[in-house]
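Taking this note's numbering, the leading residue of the sequence shown gets 28, the next gets one more, and so forth. A short worksheet on the structure shown next.
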Amino acid sequence: MGLGLEQELLPRLIDLAGFKSSRLVGRSETDESLLHESGTPERPPSTDAMIRVVGDSGYRAFVIAKHSEYGYLLLEANKKRKGGRHFQLPGGHVDAHEISQYGIDEGSRLYRLAPIEFHSGAYGPQGVKLHETGRRFFRLDISDVDSVQDLPPATPLSMEDFRLCLSREHTGFRFQKSPAKAAELVTLHSGGKSSLAITLYESSQKPQD
Numbered sequence: 028m029g030l031g032l033e034q035e036l037l038p039r040l041i042d043l044a045g046f047k048s049s050r051l052v053g054r055s056e057t058d059e060s061l062l063h064e065s066g067t068p069e070r071p072p073s074t075d076a077m078i079r080v081v082g083d084s085g086y087r088a089f090v091i092a093k094h095s096e097y098g099y100l101l102l103e104a105n106k107k108r109k110g111g112r113h114f115q116l117p118g119g120h121v122d123a124h125e126i127s128q129y130g131i132d133e134g135s136r137l138y139r140l141a142p143i144e145f146h147s148g149a150y151g152p153q154g155v156k157l158h159e160t161g162r163r164f165f166r167l168d169i170s171d172v173d174s175v176q177d178l179p180p181a182t183p184l185s186m187e188d189f190r191l192c193l194s195r196e197h198t199g200f201r202f203q204k205s206p207a208k209a210a211e212l213v214t215l216h217s218g219g220k221s222s223l224a225i226t227l228y229e230s231s232q233k234p235q236d
């Protein structure tokens, strides 16, 4: 996967859209998930402004990836300090040096990722507070063409016909159709902020009366 960020935020996921290899690289965790090339067109030039290298940003960036049929994509990890087996959203902490080290540049196809503007007021006071924690979230719509076909990939724990190559950090992955269940599964991730992000994002997708 790859990630384009707001102007004040460093990229966290690498080479997703239209690239076979993608990385979620960070100080404490690395995911080298591989996705199939989607065949999408070149990104528009306007996305060049999405990348800006500053120092140690202190930000974390995460992707809410959702398959139209299977639901939310969640990565499984097993860490003692987090109570053992738990699920995560792709993403994490980024340092500026990772831009050059892992190939994030203006040529990356980042346009598939859409920033979720939690600070806009549309998500209420909780959204603003979530933004103030230094976490940034992006939406990514995935489909069957993103499934890996030419490598020995992992099969989802939820048994859908979708393949993904995982890093050593992650022990598996799954899809979850229920937003409430997906939010529950990532409760232990990033201090519960990933859970809140899913809840707030999903509430914004419901038709307004």
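Backbone N, C-alpha and C fix where the C-beta goes; we use that ideal spot for every residue, glycine too.
To the nearest angstrom, how far is it from the Cα of residue i to the Cα of residue j?
i: residue 202; j: residue 232; result: 19 Å
i: residue 190; j: residue 148; result: 37 Å
i: residue 31; j: residue 139; result: Low confidence applies to residue 31: its pLDDT is 26, below 50, so where it sits in the model is not reliable, and the reading given next is rough at best. So the alpha carbons of these two residues sit roughly 8 Å apart.
i: residue 208; j: residue 214; result: 10 Å
i: residue 230; j: residue 105; result: 29 Å
i: residue 165; j: residue 228; result: 10 Å
i: residue 118; j: residue 87; result: 7 Å
i: residue 97; j: residue 206; result: 11 Å
i: residue 99; j: residue 112; result: 18 Å
i: residue 199; j: residue 212; result: 14 Å
i: residue 156; j: residue 146; result: 8 Å
Pull up the CB-CB distance for residue i and residue j, whole angstroms please, since I reckon it's below 8 Å.
i: residue 153; j: residue 216; result: No, residue 153 and residue 216 are not in contact; Cβ-Cβ is about 17 Å, not under 8 Å.
i: residue 248; j: residue 93; result: Lying outside 28 to 236, the shown extent of the chain, residue 248 is not represented and no answer is given.
i: residue 175; j: residue 192; result: 6 Å
i: residue 221; j: residue 89; result: 6 Å
i: residue 210; j: residue 91; result: Going by Cβ atoms, the distance from residue 210 to residue 91 rounds to 11 Å, so no, they are not a contact pair.
Within 10 angstroms of the Cβ of residue i, are there 16 or more other Cβ atoms? Answer buried if so, exposed if not.
i: residue 196; result: buried
i: residue 219; result: exposed
i: residue 151; result: exposed
i: residue 103; result: buried
Would you check if there are 3 or more beta carbon pairs closer than 8 Å linking the segment 160 to 167 to the segment 185 to 192? no
Could you give the uninterrupted runs of the beta strand (DSSP E) lying entirely in the segment 179 to 215, keeping only those of 3 residues or more? 197 to 203
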